Amino acid sequence: MRRLLLVSCSVAGLLALLPASGAVAVELPMRKAGLWEMKVLSGGSVPEMTMQQCTDATTDKDMSTAMAPMAKEICSKQDIQKTATGYVTDSVCGISGITVKSRAEITGDFNSAYTVKTSSQSEGGLAGAARDSNSTIEAKWVGACKADQKPGDIIMPGGMKMNVKDMEKMKALIPKK
Numbered sequence: 001m002r003r004l005l006l007v008s009c010s011v012a013g014l015l016a017l018l019p020a021s022g023a024v025a026v027e028l029p030m031r032k033a034g035l036w037e038m039k040v041l042s043g044g045s046v047p048e049m050t051m052q053q054c055t056d057a058t059t060d061k062d063m064s065t066a067m068a069p070m071a072k073e074i075c076s077k078q079d080i081q082k083t084a085t086g087y088v089t090d091s092v093c094g095i096s097g098i099t100v101k102s103r104a105e106i107t108g109d110f111n112s113a114y115t116v117k118t119s120s121q122s123e124g125g126l127a128g129a130a131r132d133s134n135s136t137i138e139a140k141w142v143g144a145c146k147a148d149q150k151p152g153d154i155i156m157p158g159g160m161k162m163n164v165k166d167m168e169k170m171k172a173l174i175p176k177k
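For the sequence shown, the UniProt record's numbering begins at 1 and goes up steadily by one.
Below you can see the structure in the form of structure tokens.
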């Protein structure tokens with residue numbers, strides 16, 4: 001259950017980074033090319049998780065493009081607003097009978113470091129009870145990608161490697177509403 005909560009917090013934070021759909025869409029800037037370290041802090045009894053992602057401008061743009069249709073299918077609301085200190089996103093997404101309402105505040109820059117603070121409320125699922133959660137993603141640019149990494153590679157805790165370019169394949173696994 002803890003891992004599911006951590007994953008749902010991470011997904012809410014990542015969805016906050018996707019472009020909003022609508023007539024007047026605010027787009028987040030692309031991150032600086034290279035290796036980014038992202039620390040996910042969820043508080044409470046859920047341990048922090050640190051991952052690294054190798055990226056470039058093309059991969060960041062492709063990730064937004066590939067994930068946007070998936071987000072459009074599972075999210076009934078996705079708003080991004082520019083603020084004096086960064087961006088604020090509000091979203092309502094549903095998957096497998098769970099509805100997640102989230103708000104994320106994004107501060108910093110996309111060249112050296114940024115922070116995504118997300119608060120979310122989920123309802124439904126096996127337990128059926130409403131659950132509130134807060135998470136923070138602290139991202140920092142650490143330099144060039146390592147020699148054995150290609151843009152899109154994410155190194156998860158424990159050394160598991162996946163590539164965001166495979167996300168389109170994951171779309172087929174998401175149940176339709």
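We put the CB at the ideal spot given by N, CA and C, even for glycine. As the structure is a computational prediction, the values presented were derived from the model and not from experiment.
| Check | Outcome |
| --- | --- |
| Per-residue DSSP class, three states only, for residue 97 | coil |
| Range of the contiguous beta strand (DSSP E) that encloses residue 120 | 113-124 |
| Local conformation of residue 58 per DSSP, three classes | helix |
| Option in 143, 147, 157 with minimal Cα separation from residue 36 | 143 |
| Residue from 112, 72, 106 whose Cα sits closest to the Cα of residue 95 | 72 |
| Cβ-Cβ distance between residue 30 and residue 157 below 9 Å | no |
| 6 Å CB neighbourhood of residue 99 in its chain, flanking five on each side removed | 123, 124 |
| Element boundaries [beta strand (DSSP E), containing residue 145] | No beta strand (DSSP E) holds residue 145; DSSP gives it neither H nor E. |
| CA-to-CA distance, residue 133 to residue 161, given in whole angstroms | 27 Å |
| Same chain only: Cβ atoms within 7 Å of residue 155, ignoring 5 sequence neighbours per side | 51, 52, 161 |
| Nearest neighbour of residue 91, chosen from 151, 121, 39 [CA to CA] | 121 |
| Within 9 Å, strictly: CB atoms of residue 26 and residue 80 | yes |
| For residue 138, three-class secondary structure by DSSP | strand |
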